[in-house]
Every structure is written in C-alpha cells, then in structure tokens.
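J.: Numbering (our numbering), first residue to last: 1154 to 1319. A virtual CB, placed ideally from N, CA and C, is assigned to each residue, including glycine. Predicted, not measured: the structure shown is a model, and the values here were computed from it. So that we are looking at the same thing, I have put the structure below in structure tokens.
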C-alpha cells in the first residue's frame, strides 16, 4: 500500500521535493504531559509492524530524506516542515489520513488524504476542511479540544459534541 501510493504520487504529482517522517520509538512530550494520551488506541497490527523495515528500505532506495525526531510524532515534524515551507512561499502537500493536520491547511498548505489502494486521493484545501469539519482550518485545534478526539484519547469538554464545538 505504501509503495503503490508513493508511485502514484510520484507519477501523478511529480513533486519538486519530498520527505518522509516516521514516529520514533518511545514516548513523546504529549505522553509526558498526559498519561492517558493514546492509551485506548489499539496496538499496530503485527503485519504492519513487520512491513516498516521494508517501507524504510523503499524510502531509502528512492533517496527520499527521512525525518524522525525523538520525543515528537511524525505529524509534529510534518507540521514544522509545512510551516517553514509556507513562510518561504512554497506550496506544500501533506500526505496523511490524520484529521489533526487539517489545522495546518492554508492557501500554501494542503492535504492529500490517504485512502484505500486504487481509489483517488482526496485533496483538502481550506474549503474542503470547512466541508469536512465544519470549521476553518485555524479552528480545527479548538474544535478537537472541545469535542474531544477518541483516536488520541482526548476527552474534550463534558457535554460538548461536534455540533456545539462547531
């Protein structure tokens, strides 16, 4: 799946630059601040764990830079790179299925949402974020903080669901 998505992006989008971020082993600063962070998330399936060395080999074979920063999730690294590129007026596309990164979407930063193999990638700009989340990209962090985020085990504010958070 990873390799076919990579090939599809290289063939259809022909990026000028490309980088990959991986989650490093060990806890992040979020785990240190909130013991229950991601505590309810299921462990990665063994077959996915087994595929990671092959994915890394593929990335290295393509000579794509790998970013892995201890104490920070891959999403943190992607967000930092996207903001730095935006400051330099460089158009950036993040390839992710993580809704948290929708907070970064702007005129210069967009998202390709990863879907199943053989299905076109969804593209998210500011309008698509509003259509999907019901809030502007710069409001996504507040929205998720208010209604919570079950995937990260963030409880949110009692009594506030998605509609009230919007």
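Starting from the Cα of residue 1222, find the closest Cα among 1280, 1205 and 1175 and give me that residue.
T.: That would be 1175, whose Cα lies nearest to the Cα of residue 1222.
J.: Roughly how far, in whole angstroms, is the beta-carbon of residue 1219 from the beta-carbon of residue 1230, given that I think they are within contact range, below 8 Å?
T.: Actually they do not touch by this definition, with Cβ atoms about 10 Å apart.
J.: Output yes or no for whether 8 Å exceeds the beta carbon distance between residue 1280 and residue 1266.
T.: no
J.: Which runs of the alpha helix (DSSP H) fall wholly inside the stretch 1214–1265 and span at least 4 residues, in chain order?
T.: 1227–1240
J.: Cα-Cα, which of 1217, 1168 and 1225 is closest to residue 1185?
T.: 1225
J.: Output the boundary residues of the beta strand (DSSP E) element that contains residue 1275.
T.: 1275–1277
J.: Please state if the CB of residue 1228 and the CB of residue 1254 are separated by a distance shorter than 8 Å.
T.: A contact, by the Cβ cut-off of 8 Å.
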